[in-house]
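See structure below.
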Amino acid sequence: MPLLQPRSSLADTLRAAERELTQAGIEAARIQAMALLAHTTGLTRAALLARLREPLDHENAATFRSLIQARARHHPLQYLVGQASFLDFEVRVAPGVFIPRPETEQVVERVLALWEPSLPWAIDLCCGSGVIAIALARARTDSRVTAIDVSAVALASARASAADLGVADRIEFVRADLLAALQLAAPRLDRLGVLVCNPPYAPRAAVTQPEVRDHEPEIAWSGGPTGIEIYERLIPQAAALLPAGRPLVLELGYGQEASVPALLADPGDWSPPQIKPDFQGIPRVLSAHRR
Ligand SMILES: C[S@@+](CC[C@H](N)C(=O)[O-])C[C@H]1O[C@@H](n2cnc3c(N)ncnc32)[C@H](O)[C@@H]1O
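Be aware that the sequence shown starts at 257, since it is given in the numbering used here, and climbs by one per residue.
The structure is reproduced here in C-alpha cells:
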C-alpha cells in the first residue's frame, strides 16, 4: 500500500509516516515524522498541529515521502533537515560532517569555567561541525578561536555555520592533522587560554547503530580499534605546545575514565586530571592543567 494517498490530510499523512518509521525501528517516530513534515512544508510544528485536517499538496507529499523513506533506511534526521541544534543555536550538517551530541554542551560549560579572562585565544581541535568553536566565540565576544579539523567537508560546513551566526570573523579554520600545524606557531602560544578537543573516540567495532556506522563519517567517530588512539597522539602534542598553567579539556568516550587519564599520568607534565560526568552520570569531560 502506498504510504500516502492522493490529497491525504496532514493527520493521515503523519499517522502513515509514524507507522512506517516505527516498523523500521526508529524511536520517537511521531516526533521525527513531525520534524520532517515541518521541514517539508516550512511550517512550525505548532502550525502543523493547527492544520491537521487540511490536505498536503502533491509536491510536498512526494518530498515528505522520500524523506520518510530515507529516515526508515536510517539516514540521520539531522542530515535530512540539514541542521542540528546545540545549546541555543543551530549549525549546518550534511553527510561528511559529524552530528553534534548533547553531551558536548558540557564540554563547552567546562571550558568556559576554566578559561582565563585575560587570555582570549582558544583552540578547538577536531572541530567537526564547529559547535564548540562557535559556542565559545558566542559566549566571549572578546575571543578568537582557532578551529582545526582534518576534514575539508567539516571545515567548510563549520565555516558556513559560523558565518550564519555572525562569528566567522573571530574563528580561524585550519585544515590539519591534530596539532601538527601549530608547531610553527609555537612562539605565539603564550597567548593561548585553553585547548579543547572532542576527538573521534569510539572503538571501531563497538558502533552498531546504523545512523552512525553507515552514515556518519568513520573518521569522525572512530578512534581506531581501542578508541583511544587519537588521545595517545594528541596528549603528547598538547604537552609540547601548551604553556604552563593552561587547561586542556577533552571529551571522553564511554568507559575511558581510566585509560585516558593514564596518558596524562606523568606528574611532570600535567596536574591531576579532573573528570565531570554528563547528564546521564557517565564520566565525560576531562580537564588537566599543564604544569
Ligand atoms: C567527534 S567529531 C567532533 C566534532 C565536534 N567537535 C563536535 O563536538 O561536534 C571528531 C572530528 O575530528 C576530526 N578528526 C579526526 N581525525 C583528526 C585528526 N587526525 N586531526 C584533526 N581532526 C581530526 C573529524 O574529521 C571530526 O570532524
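For every residue, glycine included, the Cβ atom is placed at its ideal position computed from N, Cα and C.
Query: Proximity test, Asp405 beta-carbon vs ligand 1 heavy atom, cut-off 7 Å; Result: yes
Query: Cβ-heavy atom distance, Pro492 to ligand 1, below 7 Å; Result: no
Query: Through-space distance from Arg309 to Ala414, alpha-carbon basis; Result: 40 Å
Query: Cβ distance (whole Å) where Arg503 is taken to contact Leu370 below 8 Å; Result: Inspection of the sequence shows that residue 503 is occupied by Pro rather than by Arg. Contact flag correct, Cβ pair sits at about 4 Å.
Query: For Val349 and Ile388, believed in contact at Cβ under 8 Å, the rounded distance; Result: Ile388 to Val349, Cβ: 14 Å. No contact.
Query: The stretch 375-394 in contact with the stretch 341-359 per 3-pair CB rule at 8 Å; Result: yes
Query: Cβ shell of His295 (< 6 Å), same chain only, five flanking positions each side left out; Result: Val337
Query: Supposed close pair Leu381, Ile404 - CB separation, criterion 8 Å; Result: 5 Å
Query: DSSP state of Val505 mapped onto helix, strand, coil; Result: strand
Query: Cβ contact (3+ pairs, closer than 8 Å) linking the stretch 510-519 and the stretch 533-544; Result: yes
Query: Per DSSP, cross-strand counterpart(s) of Gly298; Result: In the DSSP output, where bridge partners are listed per residue, Gly298 has none listed.
Query: Environment of Arg546 [buried if 16+ CB atoms lie within 10 Å]; Result: buried
Query: Backbone CA spacing between Val463 and Gln279 [nearest angstrom]; Result: 22 Å
Query: Cα-Cα separation, Glu507 to Asn454; Result: 5 Å
Query: Close-in-space but distant-in-sequence residues of the same chain around Ala284 (CB under 8 Å, 5 per side omitted); Result: none
Query: Leu508 beta carbon near ligand 1 (any heavy atom closer than 7 Å); Result: no
Query: Candidates Leu451, Leu277, Ala437 and Ala476, of which the one nearest Tyr457 by Cα; Result: Ala476
Query: Status (buried if at least 16 other CB within 10 Å, exposed otherwise) for Phe535; Result: exposed
Query: Simplified DSSP state of Phe320, which is helix, strand or coil; Result: helix
Query: Residue environment, Ile287, which counts as buried when at least 16 other CB atoms sit within 10 Å; Result: exposed
Query: Rounded straight-line distance, which links the Cα of Pro492 to that of Ala437; Result: 15 Å
Query: Of the listed residues Ile427, Ser407 and Ala521, nearest to Glu474 (C-alpha basis); Result: Ser407
Query: Proximity winner among Pro499, Ala306 and Cys383, relative to Val430 (alpha-carbon distances); Result: Cys383
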